[in-house]
Amino acid sequence: MRQSELFLKTQREFPKDEVAINAQLLIRANFIHKLMAGVYSLLPLGFLVREKIIKIVRAEMNKLGAEMIMPALHPKAVWEATGRWETMGKVMYQFKNHGGQEIGLGPTHEEIITEIAKPIINSYENLPLAIYQIQTKFRDEERPKSGLLRGREFTMKDLYSFHADQASLEEYYEKVKAAYQVIFKNCGLKSYVTEASGGDFSKYSHEFMVESAAGEDEILLCRLCAWAQNKEIAEVKAGDHCPKCQSGVLDKVNAIEVGNIFKLGTRFSEPVGLVYKDKNGVNHPVIMASYGIGIERLIGTIVETHHDEKGILWPEATAPAKVHLLLIGEAKAELKKSAEKIYNGLVKEEVEVLYDDRENVSAGEKFADADLIGLPFRVIVSEKTLAQDKVEIKKRNEKEAKLVKIGDLNKALNNN
RNA sequence: CGGGGAGUAGUAUAGUGGUAGUACGCGGGGUUCGGGACUCCGUAGCCCGGGUUCAAUUCCCGGCUCCCCGACCA
189 MRQSELFLKT
199 QREFPKDEVA
209 INAQLLIRAN
219 FIHKLMAGVY
229 SLLPLGFLVR
239 EKIIKIVRAE
249 MNKLGAEMIM
259 PALHPKAVWE
269 ATGRWETMGK
279 VMYQFKNHGG
289 QEIGLGPTHE
299 EIITEIAKPI
309 INSYENLPLA
319 IYQIQTKFRD
329 EERPKSGLLR
339 GREFTMKDLY
349 SFHADQASLE
359 EYYEKVKAAY
369 QVIFKNCGLK
379 SYVTEASGGD
389 FSKYSHEFMV
399 ESAAGEDEIL
409 LCRLCAWAQN
419 KEIAEVKAGD
429 HCPKCQSGVL
439 DKVNAIEVGN
449 IFKLGTRFSE
459 PVGLVYKDKN
469 GVNHPVIMAS
479 YGIGIERLIG
489 TIVETHHDEK
499 GILWPEATAP
509 AKVHLLLIGE
519 AKAELKKSAE
529 KIYNGLVKEE
539 VEVLYDDREN
549 VSAGEKFADA
559 DLIGLPFRVI
569 VSEKTLAQDK
579 VEIKKRNEKE
589 AKLVKIGDLN
599 KALNNN
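When we follow our numbering, the leftmost residue of the first sequence carries the number 189, and every step to the right adds one.
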């Protein structure tokens, strides 16, 4: 990637109105563009981060079910069956098309997937089954806020599972719980499985919480054994001993909910008529669960938890590229030529690299932008380094830079 | 949805009842070239509608938008 061709222009000033760190940094660094409250474009760098996160999510999800994609436009009738056309009316965008047909924009997909599953799931022999999608959701949030943390239009990974009995559900649910922990860890986040409101079907659902001052939720947390409970349902308070390990003392902390898993039971299968036949040919409603991860919220959470006063510090797995290659002194033709050669070498080695090839940009500005954008490695090519046939390499999260031979660059990048 | 704050150039800001100034950016010239360098020239703006007034970006009313707190968030 050449910076001069990336549709990229960083801003020197923080946006006036934004208070949330993730909004300030992502807008300044030009990862995102706000069109209206809670509605953002992902510019090339932001788009790449999204791709990285989706890749991490898919890697785990594909072990648990097949991927599909459902529409965002939903007819009223499907939602009326479960009563949610009415009850979700506040958060669901609802309108009439030119023919007068009532249509909603999907805030979630339980109704739709249940409808789809009807002709597919007929017998206990078909179960269990699971399917997921990564798709755009629309929610008419009354108060979108905190940059990417609460939007009106966002990408969600939603997984739905179908079971003949409770034991099967429990087993699968635990698998997903484990997979979610892997996903968040792979995104560079420390998440806590948190007990939360469970609805009619089970005592608890589980939220995956990342500690952050920017979080809207408050949780009671045991740092000793990682037990956590949402304050909304908490039967304990800060300072109490942990009900699980008994020895830890509970903290009350703010947290961002990056994922949620929920046992639905027959809440949707029953009204929609999704049933299976048991061995005796008797119909039973399918037992279901749903599991969600907000992709853009995850981007915002990473920025909230990985930044310093100069900019973002992307965890390598989620960074838009691994290396920021800076050419200092591009006016000199031989320097430019060497930098191009190093850039092409990295590309050839399939190292993800953002090459700051901009002309007439001062060294200081390139440094400032590199810190702001926050790729894991910064590599500098300049007269100074080339005099020794070397480049300078520095990690974003370290102070010290070191010089390495050009031929050893790739090795140095991998040894870190 | 209740409460608070704010809308002046691409961004950040100053200011005025007589149509607006600065910095960065952007275009051009020159000097620079390892932490947002210097310099000269240029470019670009008062959220929308109504009212008061000879005259409104400024005062009044209404609207829209954005941010924050709260409520809401299977």
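A virtual CB, placed ideally from N, CA and C, is assigned to each residue, including glycine.
With fewer than 16 other Cβ atoms from the protein chains shown falling within 10 Å of its own Cβ, V370 counts as exposed. Contact check for F565 against K510 passes: the beta carbons are separated by less than 8 Å. Residue S393 holds the alpha-carbon nearest to the alpha-carbon of A384 among G595, K378 and S393. Within the DSSP bridge table, the entry for L542 names H512 as partners.
The DSSP assignment places complete beta strand (DSSP E) segments of no fewer than 3 residues inside the region 252-291 at 254-256, 261-263 and 281-284, in order along the chain. Going by DSSP, G533 is part of the alpha helix (DSSP H) stretching over A521 to K536.
Within its own chain, the residues whose Cβ lies closer than 7 Å to the Cβ of I568, once the five positions on either side in sequence are excluded, are L514, I516, V579 and E580, listed in chain order. Restricting attention to beta strand (DSSP E) runs no shorter than 3 residues, the region 407-494 encloses them at 416-418, 438-453, 463-465, 471-473 and 475-482, ordered along the chain. Look at E299 here: in three-state DSSP terms it is helix. Residues of the same chain with a CB within less than 6 Å of the CB of A254, apart from the 5 flanking positions on each side, are I319 in chain order. DSSP places A384 in the strand class (E or B) of the three-state scheme.
Counting C-beta atoms within 10 angstroms of its own C-beta, M256 has fewer than 16 neighbours from the protein chains shown and is therefore classed as exposed. For V237, the enclosing alpha helix (DSSP H) covers residues P232 to M249. One alpha carbon belongs to L597, the other to A443, and they sit about 39 Å apart.
The shortest C-alpha to C-alpha distance from K284 to any of K278, G292 and G277 is the one to G292.
S457 counts as buried, since at least 16 other C-beta atoms from the protein chains shown sit within 10 angstroms of its C-beta. From the listed residues L523, A414 and L408, the smallest Cα separation to E423 is found for L408. Exposed is the label assigned to G595, since fewer than 16 other Cβ atoms lie within 10 Å of its Cβ. Around the CB of T493, 16 or more other CB atoms lie within 10 Å, so the residue is classed as buried. Rounded to whole angstroms, the Cβ separation of I242 and I483 is 6 Å, and the two are in contact under 8 Å. Between the alpha carbons of N374 and S526 lies a distance of about 35 Å. The residue from A211, E313 and L486 with its alpha-carbon nearest to that of E399 is L486. Counting only unbroken stretches of 3 or more residues, the beta strand (DSSP E) elements lying wholly within the region 325-385 are 341-351 and 379-385, in sequence order. As the crow flies, the alpha-carbon of V227 is around 6 Å from that of E341. Counting the other CB atoms within 10 Å of its CB gives F195 a total below 16, which places it among the exposed residues. Per DSSP, I561 has no beta bridge partner at all.
Beta-bridge partners of R190 (DSSP): Y543. Secondary structure at E313: helix, using DSSP grouped into helix, strand and coil.
Residue pairing of Q323 in beta bridges, as defined by DSSP: M344. Excluding sequence positions up to five before and after G480, its CB lies within less than 6 Å of the CB of M344, D346 and N448, all in the same chain and listed in chain order.
Going by DSSP, E580 is part of the beta strand (DSSP E) stretching over K578 to K583. DSSP, reduced to helix, strand and coil, places K590 within a strand of the structure shown. Per the DSSP secondary-structure output, E395 pairs in a beta bridge with T382 and N448. Shortest Cα-Cα distance from G277 to any of Q434, D544 and F326 involves F326. Beyond the five residues adjoining it in sequence on each side, A211 comes within less than 6 Å, by CB distance, of G335 in the same chain, given in chain order. With fewer than 16 other CB atoms across the displayed protein chains lying within 10 angstroms of its CB, H221 is exposed.
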